[in-house]
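In what follows, a single structure is set out as structure tokens and then discussed.
In the numbering used here, the protein residues as written are 9 to 481.
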């Protein structure tokens, strides 16, 4: 496990620790600043499309390590290190040393993991809990009477479901495997303990089920993921290890590595089919099919939703090398070298270069220095409010935007893509003598052209700041 975690750390660039937070980090970073867990849970219920466990753990972490963005990102890195270490330790016990080396290298070097390892979000915790579920399930598969493993699986499964709703795909796949094995062997007693573990998982999740049902009713009011096509799903699945956001300059590397990963997985599955083994079926094939059906049903295709497949894909690719190696050792070696070398090459630009980030901190400092009583500040797009609020340290200032997604986009009826319009902005700022407008050109939201007197206009990186005043009567 040491070499795999070392590889993960070597590939992790240092600059994301101190970069400005962005929209998807604004809520996870601000939640730990709440005074109580009840406030954290309410914040998650109103704003997040993920369950609350990651926010609860971040709140507890912040009590010890602080609530800064750097601290929460460090927690995300810690989850990733634990996931890679635990995964490699399991691979060394379950596979040959060379297979473990390959599987651990693929997981540690994966661009999918690299894309989230230093983001203040739930995806590395999802990976850690996925690894726990896979390891404990495989332990149970070989030792059905291991009550400690069964209890651990129940806890890990409940935690996974409270971290990622899509963790249900992995749990459903495990249930299908277990039920199929019990029916095939007529081992009815195996079902009893397993059923108890599943009832525990369901019982724990029932606590959060009302919040999930509420989210399902309103999420279509502001989700940007509409019009998902089969091509989107195909690209996501093809890049299960490489991440679906293809860097244009490296598209050939992305295609080659993705194709070889799938070739190794197919070789492994075909080889096990001939030998009537089910390891690759359990760890990857069935979970991938269940997850794909789920993503098609909910019309979602973002690569981050595939984090629960990453450990299984790494194990399956390593098994593909083992199946190929006895008959074509040189080809097997060449494929693995191209896969690992291509992943390292693909990760290199992110390791060496730092992309520009919105200059929220200097913008917030400037507003704090020049704000006057009676001012109001409008955000375009409205969901940038919490990002600004994280950095603002000035006098009290009414902020007009989406403090809570549910309230703003559902209860108040604003459009996710079209707000603010000029009329909406003027109505919201009614009674203010001066109106600040922050425009983030990185979004597709329209620029509100306010029919007011422009007093000041300046830019902070990619952010535009304008100060308007109402004409004197």
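Cβ coordinates follow ideal geometry from the N, Cα and C atoms, glycine included.
| Query | Result |
| --- | --- |
| CB-CB under 6 Å to residue 15, same chain, minus the five flanking residues each way: which ones, in chain order? | 116 |
| Is the beta carbon of residue 23 closer than 9 Å to that of residue 40? | no |
| Checking 9 Å against the spacing of the C-beta atoms, do residue 292 and residue 367 come in under that value? | no |
| In the DSSP assignment, find the beta strand (DSSP E) that holds residue 465 and state where it starts and stops. | 461-468 |
| According to DSSP, simplified to helix, strand and coil, what is residue 476? | strand |
| Candidates 146, 308 and 238: which alpha carbon is nearest residue 288's? | 146 |
| Can you have a look at residue 336 and say buried or exposed, based on whether 16 or more other CB atoms are within 10 angstroms of its CB? | exposed |
| Rounded to whole angstroms, what is the Cα-Cα separation between residue 279 and residue 269? | 15 Å |
| Give a yes or no on contact between the segment 101-112 and the segment 48-66, applying the rule of three or more CB pairs nearer than 8 Å. | no |
| Just the Cα atoms here: how many angstroms apart are residue 307 and residue 224? | 13 Å |
| Please classify residue 446 as buried or exposed, where buried requires at least 16 other C-beta atoms within 10 Å of its C-beta. | buried |
| Among 202, 34, 321 and 43, which one has its Cα closest to the Cα of residue 144? | 202 |
| Using DSSP bridges, identify the partner residues of residue 388. | 447 |
| For residue 379, which option in 441, 398 and 421 has the closest C-alpha, if you only look at C-alpha atoms? | 441 |
| If you run the structure through DSSP and keep just helix, strand and coil, what is residue 174? | coil |
| Using 9 Å as the threshold, is the C-beta distance between residue 259 and residue 350 below it? | no |
| Quick one: which unbroken beta strand (DSSP E) runs of 3-plus residues sit fully inside the segment 139-174? Chain order, please. | none |
| Less than 9 Å between the C-beta atoms of residue 245 and residue 207, yes or no? | no |
| Can you tell me whether residue 151 is buried or exposed, with buried defined as 16 or more other CB within 10 angstroms of its CB? | exposed |
| Once you ignore the five residues that flank residue 148 on each side, which residues in its own chain have a CB closer than 7 Å to its CB? | 154, 157, 158 and 161 |
| With C-beta atoms as the reference, is residue 272 less than 9 Å away from residue 324? | yes |
| How many angstroms separate the CA atom of residue 369 from the CA atom of residue 466? | 15 Å |
| Is residue 473 closer than 9 Å to residue 374 when the C-beta atoms are compared? | yes |
| Chain D beta carbons: is any one of them nearer than 9 Å to that of residue 35? | In the displayed structure, chain D is absent; only one protein chain is listed. |
| On the premise that residue 316 lies in contact with residue 134, defined as a C-beta separation below 8 Å, what is that separation, rounded to the nearest angstrom? | 7 Å |
| Pairing CB atoms from the segment 392-405 with CB atoms from the segment 422-441, are three or more of them under 8 Å? | no |
| Determine the contact status of residue 443 and residue 411, defining contact as a CB-CB distance below 9 Å. | no |
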